[in-house]
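Under mature numbering (1 follows the signal peptide of the UniProt record, and there is no 0), the letters of the sequence shown match residues -18 to -1, 1 to 469, in that order.
Using N, Cα and C, we set each Cβ at its ideal position, and we do this for glycine too.
Comments concern the structure below.
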Amino acid sequence: MQAFMLISVSMVLALVSGSSDLSSDVKWLTYLNADNMNQGKIGQSLSSKLTSADECAKACISMLGSDPTSGCTSYTFYHVDFHVKKLQGKCFGDTTGFWSPEYSSLEDPGIYGGVTSGQNNPSSYVTNCSSVDDCSANGICSAETKTCECFPQWMGKYCGQLNFVPTSKTAGLQSTDENGRVSSWGGSVLRGDDGKYHMFAAEMTHNTGIVVWMSNSRIRHAVSEDGENFVSSDVTSPVWGHEPTAARAPTGEYVVFFTANFEEIPCSGAECKNSDNGNTVVDEEHCLPDTQCSTYPDLLTYIIYANDPTGPWSEPVLIPTGDFGSIDTNLAPMIMDDGSLIGLGRPPYIWRATNWNDTSTYEVEAVDNTVMGEDPFLYVDPNNNDSSILHGLSHAGGWDSRGGHAWSLDGGKTWKSHEDIASYGSLIEYTDGTAGILTRRERPHLIFDKKGNLQALTNGATLDPCTHPEYCDKDYCFTALQKLNQE
Ligand SMILES: *[C@@H]1O[C@H](CO)[C@@H](O)[C@H](O)[C@H]1NC(C)=O
Ligand SMILES: *[C@@H]1O[C@H](CO)[C@@H](O)[C@H](O)[C@H]1NC(C)=O
Ligand SMILES: *[C@@H]1O[C@H](CO)[C@@H](O)[C@H](O)[C@H]1NC(C)=O
């Protein structure tokens, strides 16, 4: 894990240049190891011989201005030890509101990191609009001002960025047992009739980590009173099962959709048993990482349901996959008030059913421009006052720790997105004033409060570098939770 600080740069401008009218404090949202300028292909080159990100932030404000919409909207600084020699010590600034910071290249794990990006107060960015699409359906386009007014949980250009607030370091699902840490990889959360929050998470058995998910994953039920700190409860479905997304049926059932194989354990053909406090100890005879599997059985999608989140669960029923095939669908469904279902799978596939509990009514079609990447999450934002406005979050794909967002104004027939804004990045800010950089951040799921408002985001996450299969000796993973702004 890399050290991290959210910095507030007090502008003593005479030190930097002669510009005036820059007396305000600029609150930077700062990401270490993140490159918002695509190795200098975006933005303006401001200086080629600085020694710190702090200096770059100051240079950006003094040269481009402090206005959060038209001045320096972001900067990127390549540290003096950055692995691309010609970028060492270089500082770039941007005035367009572009915000989609990427990891620095990890070709050589020894030089992991070495680039810092900062964003100028994204919640003050003003987006001109002529329709709700200009505000990503995450806000309204004010008829009066012709600018976007973002819902409280969103901010930035096009209201395209989730507006997080500092969150407890222990939030999410971070289990331990008598053998140490227990890895989990994202959880889908429902509110129960008991007023508690019920998470269905992918969990790795025998205290292993994410590189053996293909051999060790099962479905874990965890419970929280406040929707923030989850405590492990019972096992919903044993090895092998992965990628659960849960929904409530209008008749009250808890319905879990997940990838499973009940006959065969994928990859190593058996669970890996050697681990060290949540990290896998790979043993090439018995326990293979996900990049070297010896067996690749079908990874099909099943549905189970129960009247209580602890079960007993119905017999698993196979969900049709149409043209999609037999790898994991990532299916993320919603069940509507009339019992019909719509689900986003790996792009470009959408599932629809007239009855969630009758697989003969399921249909799969390919639709253009759904979410980017993988791991979709489908939801309705109550702020829209309209259940035909659908939103999709996703993991941008690969080793990228950014999130995507897409929306549909017509019940999922057509989709739109703004690709120059990431819905979330790698940053997680804690209530104790520190922060972490999630080296992997996948499986996004939103938690909704009593009124249905977006309350928090969960992800399958790692803090140690685990982005290249060859460089993941510490593969402990957990289900991160980051709270969203509410007012
Ligand atoms: C937004 O509209 C205002 C008023 O028409 C204009 O002055 C401003 O330049 C526009 N801003 C952007 C970023 O296009
Ligand atoms: C689901 O379908 C099965 C088979 O038709 C039926 O036995 C069961 O009662 C249904 N359950 C619900 C909750 O609709
Ligand atoms: C939803 O309804 C509320 C209450 O009538 C209203 O204040 C709000 O602007 C509406 N939101 C949208 C997106 O139309």
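Alpha-carbon spacing of residue i relative to residue j, whole angstroms
i, j, result
"Tyr140", "Thr109", "6 Å"
"Asn103", "Cys459", "31 Å"
"Ser5", "Thr78", "Model confidence at Ser5 stands at a pLDDT of 34, short of 50, so the residue's coordinates are unreliable; what they give is reported in the following sentence. Distance between the alpha carbons of Ser5 and Thr78 is about 22 Å."
"Gly162", "Asn261", "10 Å"
"Met354", "Thr341", "27 Å"
"Gly191", "Ser166", "8 Å"
"Asp3", "Thr51", "With a pLDDT of 39 at Asp3, under the threshold of 50, the predicted position of this residue should be treated as unreliable, and no value is reported."
"Gly174", "Asp49", "45 Å"
"Lys432", "Glu267", "50 Å"
"Asp310", "Leu282", "6 Å"
"Leu420", "Tyr406", "11 Å"
"Asp455", "Pro447", "9 Å"
"Gly415", "Phe306", "45 Å"
"Lys151", "Glu160", "21 Å"
"Arg328", "Ser383", "17 Å"
"Leu323", "Pro315", "7 Å"
"Gly434", "Asn366", "12 Å"
"Asp402", "Cys38", "22 Å"
"Gly75", "Gly95", "19 Å"
"Gln464", "Arg422", "15 Å"
"Tyr287", "Asp216", "15 Å"
"Pro232", "Gly321", "6 Å"
"Gly251", "Ala417", "39 Å"
"Trp295", "Ala348", "31 Å"
"Ile247", "Asn189", "17 Å"
"Thr98", "Leu46", "18 Å"
"Met137", "Cys269", "44 Å"
"Met19", "Ala404", "13 Å"
"Glu210", "Leu466", "11 Å"
"Leu326", "Ile301", "13 Å"
"Gln26", "Cys123", "30 Å"
CB-CB length for residue i against residue j, believed under 8 Å
i, j, result
"residue 480", "Leu155", "The structure shown does not extend to residue 480, since the chain spans only -18 to 469, so no value can be given for it."
"Gly168", "Glu424", "7 Å"
"Gly234", "Asn289", "7 Å"
"residue 491", "Ser257", "As shown, the chain starts at -18 and ends at 469. That puts residue 491 outside it, with no answer to give."
"Asp350", "Pro426", "That pair is no contact at about 21 Å."
"Leu428", "Tyr361", "6 Å"
"Thr461", "Thr440", "5 Å"
"Glu131", "Thr187", "So it is not a contact: roughly 47 Å between Cβ atoms."
Closest residue to residue i among the options (Cα-Cα distance)
i, options, result
"Gly304", "Val346, His188, Ile403, Asp414", "Val346"
"Asp457", "Ala39, Gly169, Val193, Thr149", "Val193"
"Ser112", "Ser56, Ser106, Glu126", "Glu126"
"Ile24", "Gly71, Trp81, Asp49", "Trp81"
"Trp381", "Ala443, Ile324, Phe306", "Ala443"
"Arg202", "Thr292, Gly307, Gly434", "Thr292"
"Ala229", "Ser199, Thr343, Phe359", "Phe359"
"Ala378", "Glu246, Thr352, Thr12", "Thr352"
"Ser118", "Trp397, Ser322, Thr449", "Trp397"
"Val62", "Ala35, Pro364, Glu185", "Ala35"
"Glu185", "Pro226, Lys151, Tyr179", "Pro226"
"Pro148", "Thr449, Glu411, Glu235", "Glu411"
"Gly157", "Val213, Ser250, Ser257, Val362", "First, the residue type needs correcting, since residue 157 is Ser and not Gly in the sequence shown. It is Val213 whose Cα lies nearest to the Cα of Ser157."
"Gly285", "Asp368, Lys40, Asn337", "Reading off the sequence, residue 285 comes out as Ile, not Gly. Ranking the options by Cα distance to Ile285, first place goes to Asn337."
"Phe430", "Gln135, Ala39, Tyr85", "Gln135"
"Met318", "Val299, Asn339, Asp17", "Asn339"
"Trp222", "Ala417, Ala183, Asn211, Val263", "Ala183"
"Asn15", "Asp115, Tyr85, Tyr361, Pro271", "Tyr85"
"Ala438", "Thr413, Leu445, Gln468", "Gln468"
"Tyr453", "Pro271, Tyr361, Asn441, Ile301", "Pro271"
"Lys9", "Gly47, Asn18, Gly100", "Gly100"
"Arg58", "His65, Cys42, Leu46", "It is worth fixing the name first, because residue 58 is Thr in this sequence and not Arg. If we check each option's Cα against that of Thr58, Cys42 comes out closest."
"Lys255", "Ser197, Pro298, His400", "Ser197"
"Glu245", "Val264, Thr273, Pro298, Asn211", "Pro298"
"Asn259", "Tyr60, Lys395, Gly325, Val164", "Val164"
"Cys54", "Tyr60, Lys40, Phe64, Leu300", "Lys40"
"Gly121", "Gly385, Lys395, Asp363", "Asp363"
Interface flag, residue i vs chain B, CB-CB below 8 Å
i, result
"Pro248", "No chain B is present in this structure, which holds just one protein chain."
Practice item. At 3 residues or longer, and completely inside the region 346 to 405: list those beta strand (DSSP E) runs for me, N to C. Key: 356 to 361, 372 to 377, 385 to 390
Review point. Of all the beta strand (DSSP E) runs that stay within the bounds of the region 103 to 135, which reach a length of 3 or more residues?
Key: 121 to 123, 130 to 132
Exercise for review: Examine the Cβ distances between the region 389 to 397 and the region 362 to 374 and report whether three or more of them are shorter than 8 Å.
Suggested key: yes
Point to revise | the region 326 to 333 touching the region 262 to 277, judged by at least three CB pairs closer than 8 Å | key: no
**Study point:** In chain order, each alpha helix (DSSP H) run of at least 4 residues that lies wholly inside the region 293 to 323
**Key:** none
**Study point:** the region 30 to 46 / the region 64 to 73 touching (three or more Cβ pairs under 8 Å)
**Key:** yes
Review point. How about the region 204 to 213 and the region 238 to 258: do they share at least three Cβ pairs that are nearer than 8 Å?
Key: no
Check your understanding: Where in the region 178 to 205 do unbroken runs of the beta strand (DSSP E), each at least 3 residues long, occur, reported from the N-terminal end onward?
Key -> 179 to 186
Review point. Which residue spans inside the region 10 to 80 form an unbroken alpha helix (DSSP H) run of at least 4?
Key: 35 to 46
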